[in-house]
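These notes concern the structure reproduced below.
Number of protein chains: 2
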Amino acid sequence: MTPHRQTDPAAPSLEQARRQIARYGLTADPQAVLVAARLMAAGARIGQAGEVHFGRFGLSTGRYRLLADLEDHGGEKSPSQLATSLGVSRATVTGLVDGLEREGLVARRPSTDDGRGNVVILTARGADRLRELAPEHFARMQSMVAGLSVEERTVFLDLLARIVAGIEALAED
Amino acid sequence: MTPHRQTDPAAPSLEQARRQIARYGLTADPQAVLVAARLMAAGARIGQAGEVHFGRFGLSTGRYRLLADLEDHGGEKSPSQLATSLGVSRATVTGLVDGLEREGLVARRPSTDDGRGNVVILTARGADRLRELAPEHFARMQSMVAGLSVEERTVFLDLLARIVAGIEALAED
DNA sequence: TATCAGTGCTTAGGGAGCTAACTATTGGGT
DNA sequence: ACCCAATAGTTAGCTCCCTAAGCACTGATA
Numbered sequence: 004m005t006p007h008r009q010t011d012p013a014a015p016s017l018e019q020a021r022r023q024i025a026r027y028g029l030t031a032d033p034q035a036v037l038v039a040a041r042l043m044a045a046g047a048r049i050g051q052a053g054e055v056h057f058g059r060f061g062l063s064t065g066r067y068r069l070l071a072d073l074e075d076h077g078g079e080k081s082p083s084q085l086a087t088s089l090g091v092s093r094a095t096v097t098g099l100v101d102g103l104e105r106e107g108l109v110a111r112r113p114s115t116d117d118g119r120g121n122v123v124i125l126t127a128r129g130a131d132r133l134r135e136l137a138p139e140h141f142a143r144m145q146s147m148v149a150g151l152s153v154e155e156r157t158v159f160l161d162l163l164a165r166i167v168a169g170i171e172a173l174a175e176d
Numbered sequence: 004m005t006p007h008r009q010t011d012p013a014a015p016s017l018e019q020a021r022r023q024i025a026r027y028g029l030t031a032d033p034q035a036v037l038v039a040a041r042l043m044a045a046g047a048r049i050g051q052a053g054e055v056h057f058g059r060f061g062l063s064t065g066r067y068r069l070l071a072d073l074e075d076h077g078g079e080k081s082p083s084q085l086a087t088s089l090g091v092s093r094a095t096v097t098g099l100v101d102g103l104e105r106e107g108l109v110a111r112r113p114s115t116d117d118g119r120g121n122v123v124i125l126t127a128r129g130a131d132r133l134r135e136l137a138p139e140h141f142a143r144m145q146s147m148v149a150g151l152s153v154e155e156r157t158v159f160l161d162l163l164a165r166i167v168a169g170i171e172a173l174a175e176d
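Residue numbers (my numbering), protein chains in the order written: chain A, 4 to 176; chain B, 4 to 176.
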């Protein structure tokens, strides 16, 4: 359960960026590259921290998101809908539901109006689990951004959204 | 190779945050929770986009980082050092090196001054690969943050660093 | 009405990362 | 000089997520 401890690993420096760009005789802006690299490093760290966080409650990030999404929709949703709203593949939903079902936090029922379909249901145990973890979960989420003032958070939200829009530049084509 | 396409999946809304907090009668600040949730969502997306990006060159994020780190250190480093500087476990380095060695981008040599140790060496093919992908890599990194002005990037860098410092709040204890 | 493309879900297989446990070697304390 | 804890690396086994391929069912079209 104790995850790999990182002193401050992948925090690339401006110097590194500059050196790499120079090595290949490119003309990229080192600061821009640095921002992108730092963001990718931060993304990885947040992901790992999230797993540790949810691991405390016997869940993973994916499983928590599925449970929370289910609760937000009256505790009942098809795997396809879940895949869409969580932004993962249907195969991934199958795996997440398998795990959650094994622990009795959700249940599968055949759909009444589509012979192919399933419905995933949040069980009482699942709802309990969400209720139990909520206080600590939200408290930790809050303290994660406690280093920023309200105004700074607003700015950050704006800048982050614009970068997220730029992510497709990495993946696109 | 074509990854799962997401319209705009896990972009939680302020309303959702508010509703969840209210459901459990908590007193958390919805905006703060929103920032944390958005950041986690963004982290996941960036991670996936990174895999797509490096997948184009027959690499993964981890493998690229290992190659780049190697090059930054004269093309020679021990697995333990790599684990430390990449911020991953030694077991993960073993796996990454296995893969890179299979493709001839890296080679293992027994250490001369420590009978237990290995040295991982960047091969000519490995250096070539880095050189080939550099132009596109840096161009895409740059365009990822192209939506921000230089000043905004500086602000973002500062805010991000302060949040990264707060990540331990999620994982700590 | 018979067919067939599309949709819903699962299975199979792969890569990344982790922890825990094991082997081999080193090096400091007695 | 010897022993034993610490260190280097690997292996085994887990979770998450993915793609690709398969099966079951639906529904529009000829």
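Backbone N, C-alpha and C fix where the C-beta goes; we use that ideal spot for every residue, glycine too.
- For Val36 (chain A), the residues of chain B that pass the 7 Å Cβ criterion are Phe141, Met144 and Gln145, in the order they occur in the chain.
- Residues of chain A with a Cβ closer than 9 Å to the Cβ of Arg105 (chain B) do not exist; the shortest Cβ-Cβ separation is about 24 Å.
- When the beta-carbon positions are compared, Ala20 (chain B) and Leu37 (chain B) come within less than 8 Å of each other.
- Arg112 (chain B) is bridged by DSSP to B:Val122.
- Interface residue (Cβ-Cβ distance to chain B less than 8 Å): Arg41 (chain A) is classified as such.
- Residue pairing of Glu79 (chain B) in beta bridges, as defined by DSSP: B:Ile124.
- With respect to the C-alpha of Gly50 (chain B), the residue from A:Met147, A:Leu42 and A:Thr157 having the closest C-alpha is A:Leu42.
- For the pair of segments examined, the segment 152-166 of chain B was found not to touch the segment 127-137 of chain B: the number of CB pairs separated by less than 8 Å stays below three.
- Proximity of the segment 103-113 of chain A to the segment 150-157 of chain A falls short of the contact definition, fewer than three beta-carbon pairs being nearer than 8 Å.
- With respect to the 8 Å criterion, Ala149 (chain A) and Gly46 (chain B) are not classified as neighbours on the basis of their beta carbons.
- When rounded, the separation of the alpha-carbon atoms in Ala31 (chain A) and Arg59 (chain B) is 20 Å.
- The shortest CA-to-CA distance from Ala164 (chain B) to any of A:Leu103, A:Tyr27, A:Arg22 and A:Ala44 is the one to A:Ala44.
- As the crow flies, the alpha-carbon of Ala130 (chain B) is around 22 Å from that of Leu17 (chain A).
- For Val55 (chain A), the nearest CB of chain B lies under 8 Å from its own CB, placing it at the interface with that chain.
- Here the alpha carbons of Arg68 (chain B) and Ile24 (chain A) stand approximately 15 Å from one another.
- At the C-beta level, Met147 (chain B) and Ala127 (chain A) stay beyond 8 Å of one another.
- Of all residues in the segment 98-122 of chain A, none places a beta-carbon less than 9 Å from a beta-carbon of chain B.
- Following the DSSP letters along the chain, one finds Glu175 (chain A) in no alpha helix (DSSP H), marked with neither H nor E.
- Annotation: Glu106 (chain A) is outside any alpha helix (DSSP H) and is labelled neither H nor E by DSSP.
- With respect to the 8 Å criterion, Val100 (chain A) and Val123 (chain A) are classified as neighbours on the basis of their beta carbons.
- Around Ile166 (chain B), the beta-carbon contacts reaching into chain A at under 8 Å are Ala45, Met147, Val148, Gly150, Leu151 and Phe159.
- Proximity of Gln84 (chain A) to chain B, defined by a Cβ-Cβ separation below 8 Å, is not satisfied.
- With its beta carbon at least 8 Å from every one in chain B, Tyr67 (chain A) lies outside the interface.
- Along the segment 123-136 of chain A, going in chain order, the ones with a CB nearer than 7 Å to a CB of chain B are Arg134.
- For Gly90 (chain A), the three-state secondary structure derived from DSSP is coil.
- Not a single CB atom of chain A sits nearer than 8 Å to the CB of Leu70 (chain B).
- Contact of Glu155 (chain A) with chain B is assigned, a C-beta pair being separated by under 8 Å.
- For the pair Leu70 (chain A) and Lys80 (chain A), the CB atoms are not nearer than the 8 Å cut-off.
- Interface residue (Cβ-Cβ distance to chain B less than 8 Å): Arg21 (chain A) is not classified as such.
- As the crow flies, the alpha-carbon of Val96 (chain B) is around 47 Å from that of Asp117 (chain A).
- For Leu62 (chain A), the nearest beta carbon of chain B is not closer than 8 Å to its own beta carbon.
- Around Ala174 (chain B), the beta-carbon contacts reaching into chain A at under 8 Å are Pro6, Gln51, Ala52, Val55 and His56.
- Neighbourhood of Gly77 (chain B) in chain A, by CB distance below 7 Å: empty, with the nearest CB roughly 13 Å away.
- The Cβ atoms of Ala174 (chain A) and Val55 (chain B) sit closer than 8 Å to each other.
- Residue-level contact check: Ala31 (chain B) touches chain A, since one or more beta carbons of chain A fall below 8 Å from its beta carbon.
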